[in-house]
Amino acid sequence: MSSAILVLSGPSGAGKSTIIDAASSEIGEYYFSVSTTTREPREGEEDGKDYYFVSKEEFEADIKAGNFLEYATVHGNYYGTSLKPVREALAQGKLVIFDIDVQGHRLVRDAMGDIVVSAFITPPTLSELENRLTSRGSDNIDVINARIENAKDEIKAIDEYDYVIINDSIDEAKRAFVAIANAARYKMSNAQSAKFVQEWLGN
Ligand code: ADP
Ligand code: 5GP
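Throughout the sequence shown, residue numbering follows our numbering, covering 293 to 495 in sequence.
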């Protein structure tokens with residue numbers, strides 16, 4: 293088994309955090325990539341656990357310094373994945389889980405496609421997404437509307453993903469996620485497979 297990246301995308305409110313939390317004791321050792329963002333923290337969110345919350349200036353300094361594996365503007369704010377901790381976790385053979393949007397998925401595929409497994413997660417319908425965003429109670433109506441508009445575009449990228457998880461029952465969605473995460477660990481990078489073939493042949 294080797295290190296791999298599991299990208300989880302889906303509209304805000306799809307249930308990505310809920311499912312990762314629910315599955316966390318069943319997917320072995322993994323590293324969750326904590327993103328950096330310029331958006332305001334929601335009630336209950338912790339700096340360093342949910343995100344690193346920074347100013348626009350700090351974020352742009354990190355871009356300049358080449359600190360991001362990928363970054364994108366989502367709903368008018370910057371979001372990015374720091375390269376260093378991801379590299380370290382991969383070097384330790386860990387499964388690295390990303391919760392990033394469809395733009396980020398494309399960029400990570402371009403950079404590290406041979407070790408990426410991806411899943412798109414969505415509620416069964418757009419109206420169910422609206423219900424969940426409303427009942428989560430963490431965003432005002434303008435923010436919710438922007439997220440819904442964005443979701444109508446994001447859903448069109450569903451066929452770029454290896455797997456789709458329809459989050460109707462949390463339990464079933466969790467089971468699907470556990471199966472995908474465990475399968476991702478069997479992904480081999482191009483370099484690893486070339487080395488394996490050499491050794492297998494006895495060269
Ligand atoms: P995301 O991380 O994708 O933005 P969350 O995990 O915060 O989404 O979930 C959005 C809201 O929907 C939360 O209030 C969560 O409790 C709720 N939720 C998640 N999955 C389900 C489900 N299967 N059925 C009903 N509510 C759900
Ligand atoms: P939220 O504000 O609801 O936490 O996240 C909004 C969107 O940004 C979600 O689609 C989430 O997956 C995405 N996102 C979170 N972190 C990153 C990141 O580091 N890079 C990219 N490209 N998207 C991210």
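We put the CB at the ideal spot given by N, CA and C, even for glycine.
C-beta atoms of residue i and residue j nearer than 8 Å
i      : j      : result
Asp393 : Ser301 : yes
Arg439 : Ser304 : yes
Asn474 : Ala465 : no
Val388 : Ser325 : yes
Phe351 : Gly368 : no
Thr330 : Val346 : yes
Leu425 : Ile436 : yes
Tyr343 : Glu337 : yes
Ser295 : Gly385 : yes
Ser309 : Asp431 : no
Ile319 : Val470 : yes
Val409 : Ala476 : yes
Which listed residue (the options) has its alpha carbon closest to that of residue i
i      : options                           : result
Val400 : Ser427, Glu452 and Ser419         : Glu452
Ala381 : Ile297, Ala468 and Asn442         : Ile297
Gly396 : Phe360, Tyr323 and Arg467         : Phe360
Ile472 : Asp454, Ser481 and Ile462         : Asp454
Ala383 : Gln484, Glu491, Gly494 and Trp492 : Gln484
Ala315 : Gly494, Ile433 and Ala468         : Ala468
Leu375 : Asn423, Thr328 and Glu441         : Thr328
Ile450 : Lys341, Tyr323 and Ala411         : Ala411
Glu362 : Met404, Glu335, Thr417 and Glu441 : Met404
Met480 : Ile407, Lys341 and Pro377         : Ile407
Tyr323 : Arg379, Tyr370 and Glu420         : Arg379
Ile462 : Pro333, Pro415, Asp339 and Lys341 : Pro415
Any non-hydrogen atom of the ligand ADP closer than 7 Å to residue i Cβ
i      : result
Ile440 : no
Local Cβ density within 10 Å of residue i, reported as buried at 16 or more and exposed below that
i      : result
Phe488 : exposed
Lys448 : exposed
Lys356 : exposed
Glu446 : buried
Ile457 : buried
Residue i: CB within 7 Å of a non-hydrogen atom of the ligand 5GP
i      : result
Thr414 : no
Tyr344 : no
Tyr363 : yes
Ser410 : no
Gly372 : yes
Ile433 : no
Val456 : no
Thr330 : no
Val366 : yes
Val393 : Checking the sequence, you will find Asp at residue 393 rather than Val. Yes - the ligand 5GP has a heavy atom lying nearer than 7 Å to the Cβ of Asp393.
Gly396 : yes
Ser485 : no
Ser481 : no
Ser419 : no
_Secondary structure, alpha helix (DSSP H): runs of 4+ residues fully inside the segment 297 to 343_ = DSSP runs (the alpha helix (DSSP H)) wholly in the segment 297 to 343: 308 to 315.
_Length at least 3, wholly inside the segment 349 to 422: the beta strand (DSSP E) runs in chain order_ = Those beta strand (DSSP E) runs which fall completely within the segment 349 to 422 and span 3+ residues are 360 to 366, 369 to 374, 387 to 391 and 408 to 414.
*Tell me the start and end of each unbroken beta strand (DSSP E) in the segment 435 to 472 that is at least 3 residues and wholly inside, in chain order.*
Counting only unbroken stretches of 3 or more residues, the beta strand (DSSP E) elements lying wholly within the segment 435 to 472 are 455 to 458, in sequence order.
_Beta carbon nearer than 5 Å to a non-hydrogen atom of the ligand GTP_ = In the structure on display, the ligand GTP does not appear, and the ligands it does have are the ligand ADP and the ligand 5GP.
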